[in-house]
Every structure is written in structure tokens, then in C-alpha cells.
Ligand code: NAP
């Protein structure tokens, strides 16, 4: 395999590894969440894909069923604890259990903090951080009753050093890391394992849209995803492993944590980024007046 080729989509895990399990993946209809849903279904779990847009989750659940997996779709906004609780109760009533929760739903965009509106700030903090808490809290009674479960939240690495124009998302993900460690301690006695994954850059459609600079930004916002050529050269320069990440890279870590191999892992934040953050790449430079 050349240094930059994408990993195989063949699963490295044994067939039926998660047979009989039920997984709930927020934001499971697109990007990284879809990659996670596909792998968990491939390993035998029934996967419930949940997000705001019916088209996203229904189309993705259908594609998983077409490939021979078991999947269903629910619409919800992770910011709405009543709806989250309703969906969790429905899954538990229909399926009898929830073994795995993946808190993957998030919102993000580049914006100077100086002019970030209260609504924009609130929206990202509420989707990423409140949503992670509401979903985790909602599945806890189900996991307690069945003797345990696995919660995996998708974080990031940009708050390790700070990242201009992303005050909202870096603050939210730092909160998710704190929540991961605290809930790991609180919920361990009930057999609930609480971990997070910090992905490096993965050029999903969602990321491409979120990071295409608005015309008004006057070039202040770096458009690293602008062209395939620029992307390749960024990957060669900035990612020691020499390639961009894929949803499957993250899905593999979720499957590992959900499997018996993850039994003794809790409160961990697993960095899956080809070494990007350690390589000390310069953060986007702000223009001086
Ligand atoms: P994406 O495709 O845009 O995924 C975001 C998902 O969240 C969408 O499926 C969206 O579906 C759902 N969502 C957004 N707001 C929601 C809400 N209020 N309630 C329920 N669902 C909501 O982007 P992605 O790149 O795959 O990102 C997935 C995760 O990886 C995120 O947590 C992101 O922060 C993290 N991450 C990504 C990268 C990267 O480079 N791609 C790097 C580090 C971390 P609907 O629109 O249907 O609601």
C-alpha cells in the first residue's frame, strides 16, 4: 500500500463481533457518523441513525439495509432533551436494550470570535456539548438496567493548542473531553464505559461546506479543502502518516471501544489523526491590522 492510499473498507474485526447489540449513532446519516454506522452494522449490531434531517438518516439506514445490515432511522435534535429521551425510550421498548451510544452530532464553521453572534455561539455549544450530555444522560437508565454499555463521543484535537476562528467548537469539544472523564468516573460502577475519539482532518461533505469561506471573509479564512491538489500537498506536509483521514479510520476505533477489547478502557480520549496535532503544524494565521 502506498503511503497515501486510503485504508481498505474490508473490516479487520471478526464477523458478528457486535451481533445482538443495539447502537444509537447521532448524526449517523452523513460523513463520519455514517462510516461508524456502516461498520457497526457490518459487525452485526442493529444501528439507529438519528439526526434532524429525515432524508439524511432514512437514506443512510436504507443503504445499510440494502447492504445486508440492520438499521433504522429517527429524527431528533440533540439539543432537545425531551425528544432525545423519547427516542431513547422508543428504542429501548422496541429493541430491549442500547449497548452503544455514539455522540457524533456536531455543528461547526469558521468565525472570528469578535463578531460571533450569541446565537452562533449558543448553537455550536448546545449541539456539541449539551447534545452529548443529553444523549448520554438519556441512555444511562437503559445501560444501568442491562448491566452496562459503551458511550463514545466524537471530540477533536484543535483545542489542545487553540485554533483561531473556532472559539465555539474548541470550547465545546474541550467540554466534551471533561465530561468524558467525569462521567467515566461516575458511571463506571454501573458498567458504563465512557470514552472519546479525537479525529484529525477528514474531508467529509459537512466539513467542506462548513469551511468554504464566505465571500465577505476577505481571505482571512483558510480554505484548506479548496482543491484536490492543495489537499494532497497539505496532507503530505502536515500529516505525518501522509494522508487524510477517512470515516472508516474513526469507525474502527469506535468498533474497538464497543468490543470486549475495550472492556478496561474508560475516561480515555483516543487521538486518531495520523499524527497531525503532534506535528506542530502552524494554526491559521490571523491578519494583523
Ligand atoms: P457532518 O457530516 O456535517 O456531521 C454532522 C452530523 O451531525 C450530521 O449528520 C448532522 O445531521 C448532525 N447534526 C448536526 N446538528 C444536529 C442536531 N442539532 N441534532 C442532531 N443531529 C445533528 O460532519 P463530520 O465531518 O462527519 O463530523 C462528524 C463529527 O466528527 C463531529 O462531531 C465533528 O465535530 C467531528 N470531527 C470531524 C472532523 C473532520 O475533519 N471531519 C475532525 C474532528 C472532529 P442533520 O443535518 O441531519 O441534523
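In our numbering, the protein residues as written are -19 to 269.
Each residue gets a CB set at the ideal place from its N, CA and C atoms; glycine is no exception.
message = Buried or exposed for residue 153, going by 16 or more other Cβ atoms inside 10 Å?
response = Classification of residue 153: buried, given that the 10 Å Cβ count is 16 or more.
inquiry  = Between the stretch 146 to 165 and the stretch 229 to 249, can you find at least three pairs of beta-carbon atoms closer than 8 Å?
reply    = With a cut-off of 8 Å, the stretch 146 to 165 and the stretch 229 to 249 count as touching, because enough Cβ pairs lie within range.
query = Can residue 37 and residue 118 be called in contact, C-beta distance under 9 Å?
reply = Against a cut-off of 9 Å, the Cβ pair of residue 118 and residue 37 comes out as no contact.
Delimiting residues of the alpha helix (DSSP H) encompassing residue 35 = Element bounds for residue 35: 34 to 46.
query = Which residues in the same chain have their Cβ closer than 6 Å to the Cβ of residue 24, if we skip the five residues on either side of it in sequence?
reply = The beta carbon of residue 24 lies closer than 6 Å to those of -4, -2, -1 in the same chain, with the five residues before and after it left out.
query = Curious, which full-length beta strand (DSSP E) runs of at least 3 residues does the stretch 119 to 163 contain?
reply = Here the runs fully enclosed are 129 to 134.
ask   = DSSP three-state call for residue 72: helix, strand or coil?
value = It is helical.
Under the three-state DSSP convention, the category residue 84 falls into = Three-state result, residue 84: coil.
query = From which residue to which residue does the alpha helix (DSSP H) around residue 104 run?
reply = Counting along the chain, the alpha helix (DSSP H) containing residue 104 begins and ends at 98 to 105.
inquiry  = Just verifying my parser: in three-state terms, what is the DSSP assignment at residue 6?
reply    = It is a strand residue.
inquiry  = Taking the beta strand (DSSP E) that residue 179 belongs to, which residues open and close that run?
reply    = Counting along the chain, the beta strand (DSSP E) containing residue 179 begins and ends at 172 to 179.
inquiry  = Taking 9 Å as the threshold (C-beta atoms), are residue 6 and residue 40 in contact?
reply    = Contact: no.
query = In its own chain, which residues sit with a C-beta less than 7 Å from the C-beta of residue 130, not counting the 5 before and 5 after it?
reply = The residues are 79, 80, 173, 237, 238, 242.
query = In whole angstroms, what separates the C-alpha of residue 101 from that of residue 148?
reply = Each residue's CA atom was taken as its position, placing residue 101 and residue 148 some 6 Å apart.
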